[in-house]
Structure formats: structure tokens, C-alpha cells
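Residues 690 to 955 in the working numbering are what the sequence shown lists, from first letter to last. Please read the structure below before turning to the comments.
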Amino acid sequence: MEIIILPTPDHVACYGADLCEALIRAKPTAVLGLATGSTPLALYNELIKRYQQQRLSFSQIITFNLDEYVGISANHHQSYHYYMKTRLFDFIDINPANTHIPCGDVENVYHAAICYEQQIQNKGGIDLQLLGIGRNGHIGFNEPTSSLNSITRVKALTRATQADNQRFFDAIEQQPTHAITMGIKTILQAKQLLLLATGVNKARAVKAMIEGPVCAMCPASCLQLHQYATIVLDQQAASELTMRDYYQFAKQASDTFSTQYVDLGQ
Ligand code: GLP
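Given below as C-alpha cells:
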């Protein structure tokens, strides 16, 4: 795992956008895994800005979102379909036919989940999966005790996650209790993982993810098993890390080495 600790949430967003930009430049047909929540919003704004500056084109990019609530329609203002449309897709040159989000308002959501997993495989898998983290350590909607070998499926949301998301819904009866989510195995199969976390309310989950054991009680700890996982944190999210100084030292050292490597290659 590469742990990057930056001063502010804006720095985190720019660093994340740099990684996305590097991938899109190297592979204009890349498959991007996208996330929702408040954390990636600044990154999406940065990508929109770079598109407007004609630095980036998404015209051939394919996307797969991590998850969607069960039981609310795509045009509900709290659906992740609506979120993606109004926060990113409407502002870039992406082909809507290339965007994929699980369907949570169909009759058979179990079948929809299986089809979604298949669609990801059919496109050759995900090149870079963007992730946030829940306060209880969830990624996507893989709540604590999710199987580390899980694929896309329907998950019941914990009371803690429902409470965290309640602020977005007008009435309690409208709030979904279940979601379709990529599984942990699905996420681990992406070629590269990029998890962003900002704010002090994520500090405990971040510590468990990076420095705790790999375990189903902290689904994000599965990132320890991935070969190319980058975790980008602001100072507050990193505040409970025991080996914080080491991560900063390691990053500076690797920057130096990569410069030397480029120089040696000339
Ligand atoms: C939801 C999403 C997750 C997201 C999490 C944290 O549960 N399913 O993908 O990481 O919220 O959201 P926020 O970034 O708003 O803290």
C-alpha cells in the first residue's frame, strides 16, 4: 500500500485527479470504477475543470459505479444514478452508454447484481477503482462482516450507515435499508485501487484499514492484500496513524528514487 498524507482535502482531490488523469492519458479507453459520497466530490470537480481546460477527454472511457440503493428509482434525488449525472457525467464528454451503475429499482435485484458483476468481467475488468471509506470501515456498501471473497450482491445496511446517510433523505421512510454493491473480491480484482479519506471522523476507520489486521470487521482492510493500492489522506484522516512519520518518509524517499530512476534512464 502506498500511503499519501497531504495537508488539505483539496490537495487530496488534486492528487486523486492526477492519478485518474495519468491513467486516462495512458489509456483513453480505460475502465474507471467510480464512487459516491461527499469525499469524491472535490475530485470530480477537479476532473470537470481539467475537461473544460481540454486537458482530458472521457469520450472513450467506460465507468462502473460501486453501488446503488435498492428500492429508489434512478431519478430519485438521492439515487447514485442521480448523483453521478448531476455531479460528473453531465459536465464531461462521457458517452452515457459507457456508464454503468447497478439497477436498484428492478423487480429482481439479486439477478441485477449478478448481471452487473458479469458486465464488469465482460469489459475486461476495472483499471482503476476509486473508493471512499465509511466510518465503520465499509467500502462500497460492504458492511463489517462482509465476506472478503464477495462479489456484487445485495447487502443490508447497518444502523450506523443508515444513521450516517439519514441527513440526505427528507423522511425516514424514504431511506433505503439495502443496496446492490460490488463485492470485496470484485474490488480487489481492479488493477489499481485509489482510496480517498478526509476529515477527523474517518481517522479511526483509516487506522483500522491501514494498521489493523485484515479482517471482515473492517472491510477496507482488504486493501492490504492489493498490489497497487494508493490511499490518499488529509492530515485529519491520518491523525490516528501510529506510523505516520514513516509513511511521509517513505513517500519522500520514493519521490527521490523515482527522480533518480528517470535520470539514470537518460
Ligand atoms: C456511502 C458509499 C461509500 C462511501 C461512504 C462514505 O456509504 N456507499 O462508497 O465511501 O458512503 O461517504 P462520505 O464520503 O460521504 O463520507
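The beta-carbon is built from N, C-alpha and C at its ideal position, and this holds for glycine as well. Computed from a prediction, not measured in an experiment: that's the story for all the values here.
CA-to-CA distance, G722 to G821, given in whole angstroms: Numbered from 1 along the sequence shown, position 132 holds the residue referred to as residue 821. Numbered from 1 along the sequence shown, position 33 holds the residue referred to as residue 722. If you take the alpha carbons of G821 and G722, they lie about 12 Å apart.
Quick one, which of H766, C709, S768, V903 has its alpha-carbon nearest I750's? Against the sequence shown, residue 750 aligns to sequence position 61. It is C709.
Once you ignore the five residues that flank F857 on each side, which residues in its own chain have a CB closer than 6 Å to its CB? Taking the sequence shown and counting its residues from 1, one reaches residue 857 at position 168. Within the same chain, F857 has close Cβ partners Q767.
Can you give me the Cβ contacts of Y805 inside the same chain, cut-off strictly under 6 Å, excluding the 5 residues immediately before and after it? Within the sequence shown, numbered from 1, the residue matching residue 805 stands at position 116. Closer than 6 Å at the Cβ level, and outside the excluded window around Y805, lie P791, T841.
For P717 and I861, I'd like the C-alpha separation in whole angstroms. Here the question's residue 717 lines up with position 28 in the sequence shown. Here the question's residue 861 lines up with position 172 in the sequence shown. Cα to Cα, the separation comes out at about 42 Å.
DSSP has E691 in a bridge; who is on the other side? Here residue 691 corresponds to residue number 2 of the sequence shown, with the count starting at 1. DSSP output for E691 lists T919 as bridge partner(s).
Is L846 closer than 7 Å to T866 when the C-beta atoms are compared? In the sequence shown, residue 866 corresponds to position 177, counting from 1. In the sequence shown, residue 846 corresponds to position 157, counting from 1. Going by C-beta atoms, T866 is nearer than 7 Å to L846.
K874, DSSP secondary structure in three states: Taking the sequence shown and counting its residues from 1, one reaches residue 874 at position 185. Three-state result, K874: helix.
Are at least three pairs of beta-carbons, each pair with one atom in the segment 747-764 and one in the segment 778-795, less than 8 Å apart? yes
Can you name the start and end residues of the alpha helix (DSSP H) that L736 belongs to? As a working mapping, residue 736 is identified with position 47 in the sequence shown. Where L736 is concerned, the enclosing alpha helix (DSSP H) stretches over 730-741.
Within 6 Å: the Cβ of S897 and any heavy atom of the ligand GLP? Reading the sequence shown from its first residue, position 208 is the one you call residue 897. For the sequence presented, residue 897 should be read as Ala rather than Ser. Relative to the ligand GLP, even the nearest heavy atom lies 6 Å or more away from the CB of A897.
Using 10 angstroms around the beta-carbon of Q742, count the other beta-carbons present and answer buried if the total reaches 16, otherwise exposed. Residue mapping note: residue 742 aligns to position 53 of the sequence shown, counting from 1. That one is exposed.
Any idea what DSSP makes of F778, helix, strand or coil? As a working mapping, residue 778 is identified with position 89 in the sequence shown. Residue state, collapsed to three classes: helix.
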